[in-house]
Amino acid sequence: MFNYLIRRLLYAIPILLGVMLISFVLSFVVQSPESRARMQLGQRATPKSVAAWLHQRGLDKPRFLNTAKDAPLLDSQFFNHLGKLVTFELGVSDVSGRDLKEVFREGALPSLLITLPAFLGGLALAISLALYQVFVRHSLADSLGSILAVALMSVPAMVYIIFGQAVIALAFNYFPAFGFDLSGWSTAKFILLPVALMAVMGLGGDVRLFRAIFLEEIAQDYVRTAQAKGVSNARLLFVHVLKNGMIALITLIVAQLPLLVMGSLLVENFFGIPGLGNTLVLAIRQGDHATVFASVYLGAILYLMGLILTDICYALVDPRIRLS
Amino acid sequence: MIPVDVTAAFQRGLGMVLGLVLIAGCGNDPNPRPLRKTRPDGSPWLVMYSGMPEEPRSLDPQVAYDQMSRRILEPVVETLLEYHPFKTAPYEVVPALLSEIPRRELQADGSVTYLCKLKPGISYVDDPCFPGGKGRELVAADVHYAFQRICDPKVGCPVFGNLAEYIRGMSQLYERAKKNGDQLDYSEKLSGLEVIDSHTFKLHLLKPYPQIIYWLALHFTAPVAREAVEYYDGKPHTDGPGGRERIRPKFAWHPVGTGPFVLHEYRPGHLIRLARNERYQTTVFPEEGWAPEKESLLRPFAGRNLPLVDEVLFTMFREELPVVLLSRQGYLDEMRVGKDAFNSFVTPSLKLDQKYASRGMSLEKNVELSTFYMSLDMQDPVLGPNLKLRQALSCAHDTQAGIDIFRNGVPPVAQQLIAPGIFGFQPGFRNPYGFNLEKARQLMVEAGYPGGRDPKTGRPLELTMDVNATGAQERQVAEFNQRQFQQLGIQVKIVENTFARMLEKEDQGNFQIASGTGWGADYPDPENFFFLFYGKNFPPEGKNISRYRNPEFDRLFEQMATMENSPERLEIVQKMNAILVEDCPVILEMNKAFYVVVQPFSPRVQNNTLLEGGLKYAWIDHPLREQKRREWNPVPLWPLGVGVALMMGAVFYSVRWNRRLDV
Amino acid sequence: MNALFENLWVQNTLVLAGLAVWAALLVHGSRSERWRRAWLRLRKDRVGMISGCVIALYLGVGALESFQIPQPTGPSLSVLGWMTRGVPREKSYSAPLARTSLSVAKPEPLKGRHLLGTDALGNDTLVQTLRACRTALAIGGITSLIYIPLGTLMGILAGYYRRWVDDVIQYVYSTLASIPSILLLVSILMALGKGLGTMSVALGVTSWVGLCRLIRGETMRQSERPYVAAARALGQSHWKIVLHHLLPNVLHLVVINFVLGFSGLVLTEAILSYLGVGTPVGTPSWGSMIDGARSEFSREPLVWWNLTSATGALFGLVLSLNLFGDALRRAFDPKKG
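Written out as structure tokens, the structure is:
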């Protein structure tokens with residue numbers, strides 16, 4: 087298994103390189119460095135200040151290979167950029183000049199405070215609802231639940247947020263409609279509503295998936311044997327089926343875990359939560375490519391981590407993989 | 043079978059859910075906790091809660107040139123002169139860092155000199171960039187340093203060109219730095235700013251320029267401590283906590299000034315927090331000049347030390363919905379009424395809705411010193427030579443209808459380039475090429491396109507309109523404008539651009555019609571509007587986006603720029619206005635205006651549009667705010683009850699169904 | 025590229041081509057025993073049939089908006105536009121069935137009644153909602169034209185040839201999947217410019233990965249089956265095996281994936297509108313209507329009809345697609361579901 091993991095890790099390296107190349111090329115196609123400079127320096131900038139801006143950031147160097155006479159061949163934008171990322175030197179934001187490591191460190195906590203409870207809460211809710219459906223399977227409530235789950239999936243995320251903000255926060259005054267403050271326990275009041283909304287957004291799909299998994303499990307032979315032995319329906323479901331279903335479930339969802347750090351674009355923006363999702367949207371709108379670049383890189387690493395975690399889970403569950 | 047104690051269980055459940063919400067929630071106040079609860083003397087610490095729609099671009103006083111940056115810079119970095127907060131007709135400049143308004147002395151060779159004296163005993167805020175962390179006294183050398191920075195190509199001051207034309211030695215200093223690889227030698231003195239002693243300096247102008255007084259009230263000329271610029275270099279230093287390496291912020295994000303507030307915290311995309319500068323004593327609350335109806339409110343403040351509040355908190359709002367929500371709940375102290383919130387606050391007769399009026403809120407209208415227009419490219423082969431076509435386009439645009447739809451009819455239609463309140467504005471003047479569809483169609487015939495068609499090809503004339511469309515509203519505006527011109531039978535194609543791409547196109551003259559262009563006044567003088575059409579002011583150096591050139595207009599501009607306000611100047615200004623309106627290089631739209639909803643606990647102390655907030659005069663009635671917030675945020679319990687009931691119903695259902703399954 | 029896609033006829037041709045490909049697939053598939061059995065099962069599935077009919081209805085409305093009638097004066101008019109030409113245009117917002125406008129200064133009498141009110145520019149909301157069907161269908165249609173052949177082909181190749189072919193294809197899609205998809209979409213759209221065509225290209229680039237992965241797995245499973253070994257033993261060429269044996273056996277997965285993926289595409293359009301890279305000005309879409317409602321919701325009286333109509337229409341389509349997809353899955357694979 088150890089060898090297997092090493093192989094997976096090595097496999098991640100070329101993928102990361104590919105990600106960097108794609109994002110680098112895209113960033114130039116999307117917006118030339120000149121327009122980025124203009125955007126940052128504002129409406130009343132002069133050509134001189136634009137040139138100075140470019141020079142400061144090394145953006146007046148060649149893109150891929152430096153063919154100038156006395157310059158080293160690899161002293162180009164791409165390779166300089168690559169070198170920095172490999173050593174985890176994320177650099178500073180194009181706009182505010184802040185250290186990106188610090189930006190990400192600061193943003194990760196608020197993001198996690200939203201996504202982690204939403205993920206866990208949503209999971210718990212989805213599992214209970216799926217179990218409930220399986221518990222009352224083939225009843226009217228079961229079919230209604232299935233249709234409701236599909237209905238929940240069919241509502242755009244923005245509609246949930248607009249509804250939550252306008253009705254729950256404003257009409258009922260239960261939660262702040264906006265804002266965030268890291269201040270111990272009272273932070274809870276800021277995260278409850280966004281967490282609840284995020285959990286509901288993913289609920290439909292999850293319930294459907296989990297219901298299918300549990301139903302598959304309940305059709306297994308051991309369940310029938312236990313039933314014959316006189317184990318009660320409830321005990322059967324909540325102990326045996328849940329336990330075995332969870333194994334299948336965990337391998338499915340563990341890939342999402344690392345990406346939780348990246349936060350949620352929509353929710354963070356609507357609720358003004360200073361997480362990484364918010365940072366990213368701001369960076370896109372301001373043309374802050376250093377930040378966008380670093381986010382893509384970070385996202386790719388987290389995604390690959392998720393894949394490897396899934397592999398580990400599979401290996402733990404399925405002994406055959408350990409041998410290969 | 044239903045348990046007997048169902049109601050008891052129900053109540054217990056409801057109580058638990060509610061308890062959880064209350065423990066975790068502690069109410070719905072969205073604002074972060076203030077820095078302190080009370081002042082040292084025990085009175086409540088006053089916090090003002092405000093919002094910002096976008097990020098500031100730079101907080102370097104010599105660079106910042108956008109509204110959001112100015113909103114932060116104004117309370118943090120003080121200027122040499124400032125606008126009187128209450129006197130707006132006409133606007134009046136009063137001393138801030140200077141002890142009096144400098145007087146001009148005409149020299150024999152036609153040049154002009156201003157003698158300026160700084161107030162003694164003003165010191166910078168405490169900051170690690172100063173030795174021992176203690177702010178030092180402000181001296182005349184700081185002003186000299188600021189003027190050197192204006193000439194520094196690396197700093198990139200956007201108004202260098204405007205000032206260099208009038209202040210002696212600036213162009214030379216800039217040119218020498220350019221030759222030296224953009225390195226400005228700061229040991230070299232600027233001849234236009236002569237330091238006499240620690241608190242006195244003389245400003246030497248090449249020719250008369252009365253508007254220089256206004257420039258001294260802009261933060262471009264605000265003194266800067268050299269220590270701060272050198273300390274905050276954006277590079278890593280090993281002086282972090284515990285000797286660790288830390289990247290210091292750049293000076294552009296860490297202003298160090300002498301102002302009434304200190305920039306305490308800046309979290310991009312989230313919040314900006316200003317805190318009182320305990321050592322501030324440059325200015326006090328004015329003792330006169332307010333409108334009579336504000337007498338009872340403002341009299342008690344006269345002569346008081348500034349600022350009146352201890353902390354200002356700006357939250358970044360990228361959506362409009364939360365702004366409205368928080369204002370209704372009393373958690374925002376000032377709110378600009380946006381287009382969509384308008385109908386909820388303002389009745390058709392332009393009064394505040396009774397619902398809010400009864401809460402003690404009130405409504406105030408603000409007209410900015412700005413004019414917005416659509417630019418037509420004068421070098422375009424179709425539009426440039428065809429005066430009648432431009433006039434027809436101008437006549438076809440129903441500006442009032444657009445204002446009604448998108449801005450609730452609040453801003454006035456601009457009839458002339460100069461905004462109201464500025465010398466030379468003619469109140470009764472009507473734009474002869476304002477909306478008139480009949481006239482527009484007639485002009486199209488004269489332009490050679492009867493019915494919007496080119497008689498040679500028989501096809502409709504095609505024009506493109508460049509817009510900066512990012513939001514839903516801008517897209518709707520673009521569609522509206524398109525429809526205006528298509529009434530003439532021509533085809534208008536919309537090209538959507540990003541902000542940067544739009545600026546690029548304006549600079550290159552790579553457009554036919556550019557919508558959303560305009561100008562907000564730097565200072566209240568017609569010269570600050572007419573230079574937009576001065577023939578030597580082409581982009582990218584200048585802002586003559588239409589690339590308009592008219593020798594007569596240019597001659598009058600040069601003459602008017604150096605004059606003091608007088609009947610002769612007024613005559614020239616009116617003549618220039620007439621030329622511009624007749625030539626239609628732009629389609630005039632409006633002077634930006636908006637309503638502000640004023641909370642009962644946060645009265646509007648001043649509404650001078652040349653101040654960007656005037657935060658040092660702002661005041662909050664703390665006890666009233668606490669009381670109103672409690673009144674405005676009742677918590678209903680029935681939805682919780684419904685939720686709990688639904689859950690219990692589901693449980694009962696499942697139990698009964700499952701019992702049937704077992705059987 | 026954008027200019028090309030802006031041409032209505034090009035768009036219409038593409039949509040038609042997409043439909044034609046689908047028809048061809050269905051005809052092709054209907055020859056197989058498996059598909060015929062699935063059809064029999066599907067016919068008995070009430071939910072499936074109803075949702076199928078709803079989808080057909082949407083397709084019909086979209087088609088009405090797609091086909092253009094040239095007009096002697098001014099720009100051409102779609103069939104739907106021609107049918108609704110009697111609906112007057114107001115100045116700005118008006119509530120459903122209201123007699124006066126929801127105007128700023130003074131409510132003015134309207135030119136006609138509007139079942140679902142009017143939007144900011146005075147367009148009838150119902151008409152706009154119906155017209156937006158075409159946008160949704162065009163996005164779904166053009167995107168599927170790009171990603172379905174790509175994903176299916178790549179998936180089969182990777183699953184059949186294995187070895188280095190599989191490695192290369194896996195590498196490409198792993199790399200693409202590693203980039204957060206919304207970022208990839210936004211940057212492609214910013215590079216190519218806004219438009220229906222470019223949006224479809226961007227969506228195609230990001231959505232083939234899932235299909236490819238699915239088909240690859242299924243192809244691997246099928247390749248182990250005796251019929252493939254038999255075909256190989258008979259000396260059939262690789263291409264023949266891929267086209268005649270493997271493709272028909274994974275095609276049902278493609279259909280199910282497409283139907284379910286379609287709903288995802290429509291929902292993504294709404295998010296892209298929010299990020300400012302949605303459909304261009306003048307192209308009505310549910311996403312931009314929902315996006316516009318962000319600020320309409322802070323109005324009073326509340327402008328709820330635009331959000332409600334767009335959400336309702338979108339909800340109807342996505343719900344039907346999801347239910348129909350489920351029904352298809354049940355029909356093809358009765359053991360599960």
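Here the protein sequences come in this chain order: A, B and C.
Numbering (this note's numbering) for the first sequence: 87 to 410.
Numbering (this note's numbering) for the second sequence: 43 to 705.
Numbering (this note's numbering) for the third sequence: 25 to 361.
Beta carbons are placed, not taken as given, at the ideal position from N, Cα and C, and that holds for glycine.
Note that the structure is predicted; figures quoted are calculated from it, not measured.
Collapsed DSSP secondary structure at residue i in the structure displayed
i, result
"residue 539 of chain B", "strand"
"residue 658 of chain B", "helix"
"residue 598 of chain B", "helix"
"residue 401 of chain B", "coil"
"residue 229 of chain B", "coil"
"residue 626 of chain B", "coil"
"residue 466 of chain B", "coil"
Beta-carbon proximity list for residue i, same chain, < 6 angstroms, skipping 5 on both sides
i, result
"residue 294 of chain A", "235"
"residue 110 of chain A", "164"
"residue 341 of chain C", "82"
"residue 308 of chain C", "152, 155, 156"
"residue 301 of chain B", "117, 118, 119, 120"
Residue from the options with nearest C-alpha to residue i
i, options, result
"residue 320 of chain C", "A:185, A:170, A:216, A:248", "A:248"
"residue 117 of chain C", "C:110, C:139, C:178, C:107", "C:139"
"residue 75 of chain C", "C:155, C:283, C:255, C:194", "C:283"
"residue 211 of chain B", "B:686, B:182, B:249, B:529", "B:249"
"residue 520 of chain B", "B:603, B:421, B:506", "B:506"
"residue 789 of chain B", "B:518, B:126, B:291, B:209", "Residue 789 of chain B is absent from the structure shown; chain B starts at 43 and stops at 705."
"residue 549 of chain B", "B:395, B:541, B:585", "B:585"
Contact under 8 angstroms by Cβ, residue i with residue j
i, j, result
"residue 197 of chain C", "residue 225 of chain C", "no"
"residue 654 of chain B", "residue 310 of chain B", "no"
"residue 575 of chain B", "residue 590 of chain B", "yes"
"residue 107 of chain B", "residue 200 of chain B", "yes"
"residue 322 of chain A", "residue 340 of chain A", "no"
"residue 203 of chain C", "residue 105 of chain A", "yes"
"residue 645 of chain B", "residue 262 of chain A", "no"
"residue 637 of chain B", "residue 452 of chain B", "yes"
"residue 281 of chain C", "residue 235 of chain C", "yes"
"residue 246 of chain A", "residue 202 of chain A", "no"
"residue 179 of chain A", "residue 374 of chain A", "yes"
"residue 554 of chain B", "residue 419 of chain B", "yes"
"residue 743 of chain B", "residue 138 of chain A", "Given that chain B is displayed from residue 43 to residue 705, the structure contains no residue 743 of chain B and the question cannot be resolved."
"residue 405 of chain B", "residue 394 of chain B", "yes"
Beta-carbon contacts of residue i that lie in its chain and below 8 angstroms, excluding the five residues immediately before and after
i, result
"residue 612 of chain B", "465, 466"
"residue 596 of chain B", "576, 577, 578"
Proximal residues to residue i (C-beta, below 7 angstroms), its chain only, five neighbours per side dropped
i, result
"residue 123 of chain C", "133, 134"
"residue 477 of chain B", "437, 439, 440, 441, 442"
- Item | Segments of 3+ residues assigned as beta strand (DSSP E) that fall wholly inside the segment 239 to 322 of chain A | DSSP runs (the beta strand (DSSP E)) wholly in the segment 239 to 322 of chain A: none.
- Query: Taking only runs of the alpha helix (DSSP H) that begin and end inside the segment 428 to 455 of chain B, which ones reach a length of at least 4 residues, in chain order?
  - Reply: 429 to 438, 441 to 449
- Where in the segment 538 to 620 of chain B do unbroken runs of the alpha helix (DSSP H), each at least 4 residues long, occur, reported from the N-terminal end onward? 541 to 550, 569 to 572, 593 to 603
- Output the residue ranges of the beta strand (DSSP E) runs that lie fully inside the segment 300 to 377 of chain B and measure 3 residues or longer, sorted by chain position. Counting only runs of 3 or more, we get 303 to 309, 313 to 318, 353 to 358.
- Query: Which ranges does the alpha helix (DSSP H) cover as unbroken runs of at least 4 residues, wholly within the segment 166 to 209 of chain C, from first to last along the chain?
  - Reply: 187 to 202
- In the segment 79 to 136 of chain B, which residue ranges form an unbroken alpha helix (DSSP H) of at least 4 residues, counting only runs that do not cross its ends? 109 to 118
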